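The structure under discussion appears below in the form of structure tokens.
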Amino acid sequence: MNTRKYVFHVVNWVSRTFFASRLSFAHVQAFIHNNSWRKLFNLVRVHWDVWRGNVEAGSKPYICILEVTNVCNLKCPFCLTGKGISGGREVRHMTFEEAKQVIDDVYDSIYLLQLYTWGEPLLNKDFLRIVEYAKTKNIYIMLSTNATAMTPSYCDRLIASGIDYITVAIDGGSDETYEKYRVGGNYTKVLSNVRALLERREAAGVTHPFVEWQFIVFRHNEHEVESTEAMAYEIGINKFTPLPAYTEDESWLPQGEKYREAVFNPERLKNCERPWTHLNVRADGGIASCCYEFAKKDDFGELREDRFAGIWNNAFFRESRKLIFQHRKKRKMDPSSLICHQCLETGVRPSYVEVEDVPEDQLNPRRKRKAAKAAATGLNIPVQVSVADAGESRRAG
Ligand SMILES: C[S@@+](CC[C@H](N)C(=O)[O-])C[C@H]1O[C@@H](n2cnc3c(N)ncnc32)[C@H](O)[C@@H]1O
Ligand code: SF4
6 MNTRKYVFHV VNWVSRTFFA SRLSFAHVQA FIHNNSWRKL FNLVRVHWDV
56 WRGNVEAGSK PYICILEVTN VCNLKCPFCL TGKGISGGRE VRHMTFEEAK
106 QVIDDVYDSI YLLQLYTWGE PLLNKDFLRI VEYAKTKNIY IMLSTNATAM
156 TPSYCDRLIA SGIDYITVAI DGGSDETYEK YRVGGNYTKV LSNVRALLER
206 REAAGVTHPF VEWQFIVFRH NEHEVESTEA MAYEIGINKF TPLPAYTEDE
256 SWLPQGEKYR EAVFNPERLK NCERPWTHLN VRADGGIASC CYEFAKKDDF
306 GELREDRFAG IWNNAFFRES RKLIFQHRKK RKMDPSSLIC HQCLETGVRP
356 SYVEVEDVPE DQLNPRRKRK AAKAAATGLN IPVQVSVADA GESRRAG
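Spelled out as structure tokens, the structure:
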């Protein structure tokens, strides 16, 4: 267990130090196992387009994020979906046909397919069909789930689908602590589901999926991190990740400094490459600028009206690439109503900023800093950050 833990510490350090945390274990695996000359050539072209700041991309994305649903069965208090906020979108499951259309359009360039953004992916009855189809196209597939819907027979089908990486989001080591954030969930049940997944994997004699236990650290569960980590490795989890929490209420923040890590890093904004590297498709068919975008009004395109080829170099994508390049070169950005302009200008991630205005005296320190930064730009942006922000320290979308 210790060796595994230290290997991941080293991998994370390398990723943080040399790749601004944009390179994870999954990225490396996808590169090794799901490569082709065509993908490799495209990857080089993507970074050529990024480096040159080409507004018209000659390359295609190499990561695709399909939000297979924005429906959820839990009510996590700091998750916009958990709060019942839709961002102006239809709340629905993506159909198999819609997912297939996207996969058909980008499978030759993508290494990695992430099958979630907001919502609980396993509630989509077509989920396994989507995975099975994508697996025929040589793509690495990742999922984050609250693990509530993973019955033992479903676990067998998940394993058989060939899915590569599953993050189970379980923030606690007891009923009491777990259920404080995962409102509507049951710890005993999710733990038994995860055990079933690991046992069935063992019985099938396979090593996939790689299973990560993600533990969001709050004040009420910080005392359980170490014991839960030990237990997780004992039952066969591949990686245990204590994740700094995004909270809107300071009293939820852990007391230990270790897990209060400021995840907001303005430096990272300078390096935004997403309009060249990622394709983000939301459950309602909207094409989002990136996974931080939440509101429908900020979408760059509409899959139900156009195909990938007609969207990838449309006016929105071209404008966002231009803004990113101007920002990177420290030039004055052209005026723009695009969400990327706010994001680059203020360092406040775009999603949901309008969703809720929070009075200054209720902001936690991290959000106060963001508010101050936004105020300094003269933009009046209500500060509402997201769970996607909190996940930024370990992945990018
Ligand atoms: C919005 S969820 C959607 C996927 C799935 N329903 C789940 O919970 O894993 C995407 C990711 O955000 C994480 N997340 C939720 N609330 C968070 C918080 N307050 N701070 C940090 N990450 C959070 C989840 O654990 C998950 O990995
Ligand atoms: S974090 Fe995941 S499980 Fe919790 S409400 Fe949001 S989408 Fe649902």
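According to our numbering, the residues represented by the sequence shown are 6 to 402, in order.
Ideal placement from N, C-alpha and C gives every residue a C-beta, glycine not left out.
In this text, all values refer to a predicted model and were calculated from it rather than measured experimentally.
Asked	Found
Neighbourhood of residue 48 by C-beta distance below 6 Å, restricted to the same chain and skipping five residues each side	67
Same chain only: Cβ atoms within 7 Å of residue 83, ignoring 5 sequence neighbours per side	251, 252, 253 and 392
Residue 123 beta carbon near ligand 1 (any heavy atom closer than 6 Å)	yes
Residue 149 CB to nearest heavy atom of ligand 1 below 6 Å	yes
Candidates 97, 213, 175 and 64, of which the one nearest residue 147 by Cα	213
Test item: CB-CB of residue 408 and residue 76 under 7 Å	The question about residue 408 has no answer here: the residues shown for the chain are numbered 6 through 402.
Sufficient close CB pairs (3 or more, under 8 Å) joining the stretch 151-170 to the stretch 101-115	no
Residues near residue 39 by beta carbon distance below 8 Å, same chain, minus five either side	116, 117, 143, 144 and 145
Contact under 7 Å by Cβ, residue 348 with residue 70	no
Beta strand (DSSP E) segment containing residue 82, residue limits	Per DSSP, residue 82 belongs to no beta strand (DSSP E) and is neither H nor E.
DSSP beta-bridge partners of residue 291	307
Nearest residue (CA-CA) to residue 51, options 280, 327, 159 and 306	280
Cβ-Cβ distance between residue 160 and residue 202 below 7 Å	yes
Where the beta strand (DSSP E) through residue 218 begins and ends	215-222
Member of 278, 243 and 229 whose CA lies at the smallest distance from the CA of residue 206	243
Heavy atom of ligand 1 within 6 Å of residue 81 beta-carbon	yes
Residue-chain proximity (residue 339, chain C), Cβ-Cβ < 7 Å	Structure shown: chain C not included; a single protein chain is present.
Check whether residue 123 and residue 173 have beta carbons under 7 Å apart	no
Exposure of residue 358, with buried meaning 16 or more beta-carbon neighbours within 10 Å	With a pLDDT of 46 at residue 358, under the threshold of 50, the predicted position of this residue should be treated as unreliable, though the coordinate-derived value follows. So residue 358 counts as buried.
Spatial distance of residue 317 from residue 65 (CA atoms)	8 Å
Assigned secondary structure, residue 180 (DSSP; H/G/I helix, E/B strand, else coil)	helix
Near ligand 2: residue 92 beta-carbon under 6 Å from a heavy atom	no
Pairwise C-alpha distance: residue 166 and residue 228	37 Å
Residue of 62, 81, 58 and 55 minimising C-alpha distance to residue 223	81
Whole-Å CB distance - residue 209 paired with residue 164, under 8 Å assumed	5 Å
Residue from 290, 35, 342 and 235 whose Cα sits closest to the Cα of residue 98	290
Spatially closest choice to residue 247 from 177, 303 and 241, by CA coordinates	177
Own chain, CB closer than 7 Å to residue 105, minus 5 neighbours either side, in chain order	138
Under 7 Å between C-beta atoms of residue 292 and residue 303	no
Nearest candidate by alpha-carbon position, reference residue 30, set 350, 170 and 140	170
Residue 117 in three-state terms, based on DSSP	strand
Secondary structure of residue 401, DSSP reduced to three states	In this prediction, residue 401 scores a pLDDT of 35, lower than 50, which makes its location untrustworthy; the coordinate-derived value is nonetheless stated afterwards. It is coil, neither helix nor strand.
Where residue 98 sits in the DSSP three-state scheme	strand
Rounded separation between residue 44 and residue 352 - CA only	32 Å
Integer-rounded CB distance, given that residue 211 should sit under 8 Å from residue 220	That belief does not hold up - the Cβ atoms of residue 220 and residue 211 are roughly 25 Å apart, past 8 Å.
Sequence-distant residues of the same chain with beta carbon closer than 6 Å to residue 331, five excluded per side	338
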